[in-house]
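Here is the structure we will look at, set down as structure tokens.
Numbering (the numbering used here), first residue to last: 370 to 660.
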């Protein structure tokens, strides 16, 4: 099993003909992802050759859905056009939209998240690496060859820490690894992923990676306490971050005593989550739980 993404997912790539879209479509196809089309209004009716496979280009997401039955869209478009692209995917009825783009204005993201919620669409991102169900499907920019399928579910704000945790536990494998992004407003949250992993019979241990800023980890801790029966291991990036300075992600900023790594660690531990001080220590905790 896996969450949100399986080998049967039919993926359309918005921005497939751009440099980033082309590069990562090549990687997704190599990982076995069922990419069924791309979207570019100026190149509708053409196709792009990836190795031995020709992938058609459609003028709109609605056209792609009608022709291919696409049920996932991954968005590789510049920030200024992201809102229109995601709105188009939502309006076309795509149930899962993954937004890789970094630098999307917060006001645009707020409207997109509201639109997705109203439409019953799962939005992942923006400013995220996407998600992978190893051996099944890979949507986004996560390297597919780090690890294989296994019993660990991973949800992370950080893309690079997603990759590191996958590498640390590569011999055990993952049901799904999902990078939710670190912007102040995002679609899918830690809580959404925790609920899905709790319901997934193939996930035995959940690893949750957070970072300084906001209260998402505290809210996730409360959810774990009330609803999660599977063991959860956590890591909070930013123990040495200086107060008042944004660290990497737009949402990773500490103001006063709010949003510190120590406060998040204490909240998680109070909910029964084992929290590592480093990614390697966190991986060791997960490994011990599976031993």
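We put the beta carbon where it would ideally sit given N, CA and C, even for glycine.
{"Asked": "Please state if the CB of residue 541 and the CB of residue 590 are separated by a distance shorter than 8 Å.", "Found": "no"}
{"Asked": "According to DSSP, is residue 439 helix, strand or coil?", "Found": "coil"}
{"Asked": "By alpha-carbon positions, which one of 427, 633, 549, 473 ends up nearest to residue 448?", "Found": "473"}
{"Asked": "Would residue 528 pass as a contact of residue 548 if the rule is Cβ separation under 8 Å?", "Found": "yes"}
{"Asked": "Quick check on this structure: which residue in 394, 505, 604 has the alpha carbon closest to the alpha carbon of residue 422?", "Found": "394"}
{"Asked": "With a threshold of 7 Å on Cβ separation, who are the neighbours of residue 546 within its own chain once the five nearest residues in sequence on each side are excluded?", "Found": "500, 501, 511, 523, 531, 535"}
{"Asked": "Per DSSP, what kind of secondary structure is residue 648 in: helix, strand or coil?", "Found": "helix"}
{"Asked": "Just to confirm before moving on: does the CB-CB distance between residue 425 and residue 416 stay below 8 Å?", "Found": "yes"}
{"Asked": "Cutting at 7 Å between CB atoms, please list the residues of its own chain near residue 404, excluding the five before and the five after it.", "Found": "380, 382, 394, 397, 398, 424"}
{"Asked": "Under a Cβ-count criterion, where at least 16 other Cβ atoms within 10 Å of its own Cβ denotes burial, should residue 596 be classed as buried or exposed?", "Found": "exposed"}
{"Asked": "If I'm right that residue 468 touches residue 444 with Cβ under 8 Å, what's the distance once you round it to whole angstroms?", "Found": "5 Å"}
{"Asked": "Is the beta carbon of residue 525 closer than 8 Å to that of residue 578?", "Found": "yes"}
{"Asked": "Within its chain, find whatever has a CB closer than 7 Å to the CB of residue 507; leave out the 5 residues flanking it on each side and keep chain order.", "Found": "397, 400, 402, 501, 513"}
{"Asked": "According to DSSP, is residue 423 helix, strand or coil?", "Found": "strand"}
{"Asked": "Which one of 551, 465, 505, 437 has the shortest CA to CA distance from residue 498?", "Found": "551"}
{"Asked": "So the candidates are 458, 634, 509; which of them puts its Cα closest to the Cα of residue 489?", "Found": "458"}
{"Asked": "Does the separation of the CB atoms of residue 373 and residue 486 fall below 8 Å?", "Found": "no"}
{"Asked": "Is the separation between the beta-carbon of residue 370 and that of residue 561 shorter than 8 Å?", "Found": "no"}
{"Asked": "Going by beta-carbon coordinates alone, are residue 563 and residue 593 separated by less than 8 Å?", "Found": "yes"}
{"Asked": "Taking a contact to mean a Cβ-Cβ separation below 8 Å, would you say residue 452 touches residue 477 in this structure?", "Found": "yes"}
{"Asked": "Taking the alpha-carbon positions, what's the residue 407 to residue 600 distance?", "Found": "39 Å"}
{"Asked": "What did DSSP end up calling residue 454 once you bin it into helix, strand or coil?", "Found": "helix"}
{"Asked": "Quick check for students: name the residue ranges of the beta strand (DSSP E) that lie wholly in the stretch 511-573, counting only runs of 3 or more.", "Found": "518-525, 543-548"}
{"Asked": "May I have the straight-line CA-CA distance separating residue 554 from residue 585, to the nearest angstrom?", "Found": "10 Å"}
{"Asked": "Within 10 Å of its beta-carbon, does residue 454 have 16 or more other beta-carbons around it, so buried, or fewer, so exposed?", "Found": "buried"}
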